[in-house]
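Visitor:
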Amino acid sequence: MAVDIRGKVAIVGIGHTRHGEWPGSSPELLSVLAIKEALKDAGIDRNGVDGLITCKSVQGTNKDIEVGPLLGFNPGYAQTLDYGTCNFSLHLAVQAIVTGLAETIVLCYGANARTMRFPFGAASPTLAGASGLMHIGGPAAMALQRHKALYGTTDEEFGWIAVGSREWAQRNPVALFREPMTMAQYLAEPYMIEPLRRQDVTMLSDGGVALVVTSAERAADFPTKPVYVLGMAEQSQIRGEHDPGFLDRAWMSSASERIWDQTGMKPADIDLLYIQDPTAVWILQMIERYGFAPVGEGGRWLAEGHSRPGGSLPINTHGGQLCESYMWGWMHLVEAVRQLRGEAGPERQVNEAEIAMYCSTQAWLKGGASIIATHKG
Amino acid sequence: MSEKTYAKPVPNLDDPEMGPFWKAAHAKRLVAQQCASCGSWIFPALPICPSCLEQALEWRDVTPAGTVHSFAVYHRAFHPAYKEDLPYAVAIVETPEGVRYTGRVTEPRDGLAVGAKVRTVFFEATDEFTLPMWELVEG
Numbered sequence: 035m036a037v038d039i040r041g042k043v044a045i046v047g048i049g050h051t052r053h054g055e056w057p058g059s060s061p062e063l064l065s066v067l068a069i070k071e072a073l074k075d076a077g078i079d080r081n082g083v084d085g086l087i088t089c090k091s092v093q094g095t096n097k098d099i100e101v102g103p104l105l106g107f108n109p110g111y112a113q114t115l116d117y118g119t120c121n122f123s124l125h126l127a128v129q130a131i132v133t134g135l136a137e138t139i140v141l142c143y144g145a146n147a148r149t150m151r152f153p154f155g156a157a158s159p160t161l162a163g164a165s166g167l168m169h170i171g172g173p174a175a176m177a178l179q180r181h182k183a184l185y186g187t188t189d190e191e192f193g194w195i196a197v198g199s200r201e202w203a204q205r206n207p208v209a210l211f212r213e214p215m216t217m218a219q220y221l222a223e224p225y226m227i228e229p230l231r232r233q234d235v236t237m238l239s240d241g242g243v244a245l246v247v248t249s250a251e252r253a254a255d256f257p258t259k260p261v262y263v264l265g266m267a268e269q270s271q272i273r274g275e276h277d278p279g280f281l282d283r284a285w286m287s288s289a290s291e292r293i294w295d296q297t298g299m300k301p302a303d304i305d306l307l308y309i310q311d312p313t314a315v316w317i318l319q320m321i322e323r324y325g326f327a328p329v330g331e332g333g334r335w336l337a338e339g340h341s342r343p344g345g346s347l348p349i350n351t352h353g354g355q356l357c358e359s360y361m362w363g364w365m366h367l368v369e370a371v372r373q374l375r376g377e378a379g380p381e382r383q384v385n386e387a388e389i390a391m392y393c394s395t396q397a398w399l400k401g402g403a404s405i406i407a408t409h410k411g
Numbered sequence: 411m412s413e414k415t416y417a418k419p420v421p422n423l424d425d426p427e428m429g430p431f432w433k434a435a436h437a438k439r440l441v442a443q444q445c446a447s448c449g450s451w452i453f454p455a456l457p458i459c460p461s462c463l464e465q466a467l468e469w470r471d472v473t474p475a476g477t478v479h480s481f482a483v484y485h486r487a488f489h490p491a492y493k494e495d496l497p498y499a500v501a502i503v504e505t506p507e508g509v510r511y512t513g514r515v516t517e518p519r520d521g522l523a524v525g526a527k528v529r530t531v532f533f534e535a536t537d538e539f540t541l542p543m544w545e546l547v548e549g
């Protein structure tokens, strides 16, 4: 029997460093700088926190025991997730808070993979690496190729993800890629890993992000407008490439069914959608698997303009990882909270947004979703 | 054999799990593990059958032909040694046994598509290292 977690936990603080390059700054330092900002936003100091959940960086560091010495305190509860994407980190925080392990938890991520020239996409000495399959864009391109073959999805339909993300990023002063890009310009760009273009793939960046999460009872004590967690679900595919359907990631539908069942909500109830996007393929797959468009119809749905500014279901209103910054999905929740608080600024604030959903994956291995709102559901 | 140095990644040919695959490839045979207990095919190699959890795995010959599950065409080299090959195609190929291999698709590759028929060719990268690749089958 599932425990009803609806409205029991709230996000009350958000913080992040600037995006781009932080030469000489470690993932742990960037985490702590982000935590300072999040605590300031939440109007508390370290004494008001009794939990820490860190997310390992893309580089493999940033464990709680590595952040602890810099952060200068010993919370009652400390934990590290290998791949938080902020979704799994938030889920763990909800579990810790509803079970009483902790009451107010700070979650963090930090990376300096850009300036330390982390070998993202390097060839591994395996059959795949020896065959020239490298970089996450390789299998992502294969997944898109299958989508095109099975459902007739076109470059232009798929291109609305990159073009729409750029349109949103133009409204976000801290996004790294803000130059205007029309569909004609997108289509004129060369392929990088066909059928993917450079604009369909994220670029490594440095920075830190943090959230402060607390119980609904405590949320009223904070100066910020609380954003409540209404639902969460996960599904793994930890068999990886040994699962024959690993490229198509149909298993995400299990997390989808669970989150809709658990909340009693449906896709039409969502005002804002956030999807972690190391490549644009993730967005195409998740809008289908979470039920925003029928499987195979994602391209057509995108071409109708739903996800773009002024559309019926804005997606990644900060520009996502394609345009804002590669922060392993963490900035997606920061932006969702900003929008729900009504603090996204005049250019990109979506009016009357009350409910947001965030979907993310650990590549081919794991996925999850959260629904958050301005009310307790 | 060319005097030119082979600069692309070379797997550990003596790897405890995958070594038999590379040894077979050197002898121009395509193989995968099959569980003697439940008959499941397994690739890449594992130390136990994930279907029945028995350690009864044997390396057996696989049909050196199959269909393209999907493919990608690289227009950028993420490793300097691949620059000379651009653009090149990599596919996941499924054999009639249901075994899936990642591999280069050789030129010419007109007609390469999801579902296209291919067969194995063995590329002698070095004196010790042979890499299975795939060529399109007419029709």
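These protein sequences, in sequence, are chains A and B. As numbered in the working numbering, residues 35 to 411 make up the first sequence, in order. As numbered in the working numbering, residues 411 to 549 make up the second sequence, in order. Glycine included, each C-beta is placed from N, C-alpha and C at the ideal position. Nothing here was measured: the structure is a model prediction, and the numbers come from that model.
Count the C-beta pairs between the region 42-52 of chain A and the region 246-258 of chain A that are closer than 8 Å, then say yes if the count reaches three, no if not.
Guide: Result yes; three or more Cβ-Cβ pairs closer than 8 Å.
Visitor: Leaving aside the five residues before and after SER412(B) along the sequence, list all residues of the same chain whose C-beta is less than 7 Å from its C-beta, in chain order.
Guide: Within the second sequence, the letter at position 2 stands for residue 412(B). Reliability of the predicted coordinates at SER412(B) is poor, the pLDDT of 48 falling under 50, and no value is obtained from them.
Visitor: Can you tell me where the beta strand (DSSP E) with VAL420(B) in it begins and where it stops?
Guide: The residue you call residue 420(B) lines up with position 10 of the second sequence. That residue, VAL420(B), is in no beta strand (DSSP E); it is neither H nor E in DSSP.
Visitor: Is the region 138-145 of chain A in contact with the region 53-69 of chain A, if contact means three or more CB pairs nearer than 8 Å?
Guide: yes
Visitor: Does the beta carbon of GLY513(B) sit closer than 8 Å to a beta carbon anywhere in chain A?
Guide: The residue you call residue 513(B) lines up with position 103 of the second sequence. Answer yes: the Cβ-Cβ gap between GLY513(B) and chain A drops below 8 Å somewhere.
Visitor: Quick one: does HIS436(B) have its CB under 8 Å from some CB of chain A?
Guide: Within the second sequence, residue 436(B) is the residue found at index 26, counting from 1. Not one chain A Cβ lies under 8 Å of HIS436(B).
Visitor: Taking 6 Å as the limit between beta carbons, can you name the residues of its chain near ILE317(A), skipping five residues before and five after?
Guide: Residue 317(A) sits at position 283 when you count from the first residue of the first sequence. Hits under 6 Å: ILE195, ILE309 and ASP311.
Visitor: Assign ASP240(A) to one of three DSSP states: helix, strand, or coil.
Guide: Position 206 of the first sequence holds residue 240(A). Taken through DSSP and simplified to helix, strand or coil, ASP240(A) comes out as strand.
Visitor: Which residues bound the beta strand (DSSP E) around TYR484(B)?
Guide: Sequence index remark: in the second sequence, residue 484(B) carries index 74 (1-based). Note, TYR484(B): beta strand (DSSP E), 475-484.
Visitor: Starting from the C-beta of LYS97(A), find all residues in its chain whose C-beta is less than 8 Å away, skip the five residues before and the five after it, and write them out in chain order.
Guide: Counting from 1 along the first sequence, the entry for residue 97(A) is found at position 63. Here the set comprises THR88, LYS90 and THR114.
Visitor: Tell me, please, whether the CB atom of LEU399(A) is closer than 8 Å to any CB atom in chain B?
Guide: To locate residue 399(A), count along the first sequence from 1; it is residue 365. With 8 Å as the cut-off, LEU399(A) does not count as an interface residue toward chain B.
Visitor: With a Cβ-Cβ cutoff of 8 Å, do LEU86(A) and ASP79(A) count as a contact?
Guide: Here residue 86(A) is taken as the residue at index 52 of the first sequence, counted from 1. Here residue 79(A) is taken as the residue at index 45 of the first sequence, counted from 1. No, Cβ-Cβ distance for LEU86(A) and ASP79(A) is not below 8 Å.
Visitor: With DSSP run on the structure shown, which of helix, strand or coil describes ARG510(B)?
Guide: For the purposes of this step, residue 510(B) is taken as residue 100 along the second sequence, with counting starting at 1. ARG510(B): strand per DSSP, three-state reduction.
Visitor: Let me check understanding here. Comparing Cα to Cα, which of SER199(A), THR119(A) and ILE272(A) lies closest to THR395(A)?
Guide: Translated into positions along the first sequence, residue 395(A) becomes position 361. Selected option, being the one with the closest Cα: THR119(A).
Visitor: Among ALA127(A), ALA284(A), HIS352(A) and GLY411(A), which residue has its Cα nearest to the Cα of GLU322(A)?
Guide: Mapped onto the first sequence, residue 322(A) falls at position 288. Among ALA127(A), ALA284(A), HIS352(A) and GLY411(A), the Cα nearest to that of GLU322(A) belongs to ALA284(A).
Visitor: Are the CB atoms of LEU178(A) and LEU230(A) within a distance shorter than 8 Å?
Guide: One-based indexing of the first sequence puts residue 230(A) at position 196. One-based indexing of the first sequence puts residue 178(A) at position 144. Cβ atoms of LEU230(A) and LEU178(A): closer than 8 Å.
Visitor: Straight-line CA distance for TRP56(A) to SER461(B)?
Guide: Locating residue 56(A) in the first sequence gives position 22, counting from the first residue. Locating residue 461(B) in the second sequence gives position 51, counting from the first residue. Taking the straight line from one Cα to the other gives about 47 Å.
Visitor: Whole angstroms are fine: how far does the CA of GLY241(A) sit from the CA of GLU71(A)?
Guide: Taking the first residue of the first sequence as 1, we reach residue 71(A) at position 37. Taking the first residue of the first sequence as 1, we reach residue 241(A) at position 207. Roughly 13 Å separates the two Cα atoms.
Visitor: Can the beta-carbon of ALA475(B) be found closer than 8 Å to that of THR512(B)?
Guide: Against the second sequence, residue 475(B) aligns to sequence position 65. Against the second sequence, residue 512(B) aligns to sequence position 102. No, these two residues do not count as a Cβ contact at 8 Å.
Visitor: From the beta carbon of MET411(B), is the nearest beta carbon of chain A less than 8 Å away?
Guide: Position 1 of the second sequence, counted from the first residue, corresponds to residue 411(B). Legend: pLDDT at MET411(B) = 45, less than 50; position of this residue unreliable, value from coordinates given subsequently. It does not; no Cβ of chain A falls within 8 Å.
Visitor: Between the Cα of ALA523(B) and those of ILE452(B), THR415(B), PHE481(B) and LEU423(B), spot the shortest distance and give me the residue it belongs to.
Guide: Counting from 1 along the second sequence, the entry for residue 523(B) is found at position 113. Looking at the Cα atoms, PHE481(B) is the closest of the given residues.
Visitor: For VAL246(A) and ILE406(A), what's the separation of their Cα atoms in angstroms?
Guide: Taking the first residue of the first sequence as 1, we reach residue 246(A) at position 212. Taking the first residue of the first sequence as 1, we reach residue 406(A) at position 372. Distance between the alpha carbons of VAL246(A) and ILE406(A): 14 Å.
Visitor: Considering Cα atoms alone, identify which of PRO348(A), GLY193(A) and ILE293(A) is closest to ALA36(A).
Guide: Position 2 of the first sequence holds residue 36(A). Minimum Cα distance to ALA36(A) is reached at ILE293(A).
Visitor: Any residues in the region 462-490 of chain B with a beta carbon nearer than 9 Å to a beta carbon of chain A? Which ones, in chain order?
Guide: Per Cβ criterion, the list reads HIS479, SER480, PHE481, ALA482, VAL483, TYR484, HIS485, ARG486, ALA487, PHE488 and HIS489.
Visitor: Verify whether the separation of the beta carbon atoms of GLY525(B) and THR477(B) is less than 8 Å.
Guide: To locate residue 525(B), count along the second sequence from 1; it is residue 115. To locate residue 477(B), count along the second sequence from 1; it is residue 67. Yes. Within cutoff.
Visitor: How about GLU534(B): is its C-beta nearer than 8 Å to some C-beta of chain A?
Guide: As a working note, residue 534(B) is residue 124 in the second sequence. False, the Cβ-Cβ gap to chain A never drops below 8 Å.
Visitor: Just curious, the alpha helix (DSSP H) that HIS489(B) is in, first and last residue?
Guide: For the purposes of this step, residue 489(B) is taken as the residue at position 79 of the second sequence. Taken as a continuous stretch (DSSP letters only), HIS489(B) belongs to no alpha helix (DSSP H), as it is neither H nor E.
Visitor: With DSSP collapsed to three states, give me the class of LYS389(B).
Guide: Since the first and last residues shown for chain B are 411 and 549, residue 389(B) lies out of range.
Visitor: Could you work out which residues of chain A lie near VAL420(B), taking near to mean beta carbons separated by less than 8 Å?
Guide: For the purposes of this step, residue 420(B) is taken as the residue at position 10 of the second sequence. Here the neighbours are PRO159 and ALA164.
Visitor: Report the CB separation of ARG529(B) from VAL547(B) in whole angstroms; it is logged as a contact under 8 Å.
Guide: Taking the second sequence and counting its residues from 1, the one referred to as residue 529(B) is at position 119. Taking the second sequence and counting its residues from 1, the one referred to as residue 547(B) is at position 137. The Cβ separation is near 5 Å, so the contact holds.
Visitor: Look at ALA209(A) and GLY353(A) and say whether their C-beta atoms are less than 8 Å apart.
Guide: Indexing the first sequence from 1 puts residue 209(A) at position 175. Indexing the first sequence from 1 puts residue 353(A) at position 319. Cβ atoms of ALA209(A) and GLY353(A): closer than 8 Å.
Visitor: Would a check of beta-carbon distances place CYS448(B) closer than 8 Å to chain A?
Guide: Position 38 of the second sequence, counted from the first residue, corresponds to residue 448(B). Output row for CYS448(B): interface = no.
Visitor: Could you name the residues of chain B that ILE227(A) contacts, counting a contact when the two beta carbons are closer than 8 Å?
Guide: In the first sequence, residue 227(A) corresponds to position 193, counting from 1. Near ILE227(A) (Cβ distances below 8 Å), the residues of chain B are ALA482, VAL483, TYR484, HIS485 and ARG486.
Visitor: If you measure from the beta carbon of SER404(A) to each beta carbon in chain B, is any gap under 8 Å?
Guide: Translated into positions along the first sequence, residue 404(A) becomes position 370. No, its Cβ sits nowhere closer than 8 Å to a Cβ of chain B.
Visitor: Determine, using beta carbons only, whether PRO312(A) comes closer than 8 Å to chain B.
Guide: Position 278 of the first sequence, counted from the start, is the residue given in the question as residue 312(A). It does not: the Cβ of PRO312(A) has no partner Cβ on chain B nearer than 8 Å.
Visitor: Could you tell me the distance, in whole angstroms, from the CA atom of SER270(A) to the CA atom of THR415(B)?
Guide: The count along the first sequence starts at 1 and reaches residue 270(A) at position 236. The count along the second sequence starts at 1 and reaches residue 415(B) at position 5. So the two alpha carbons sit approximately 42 Å from each other.
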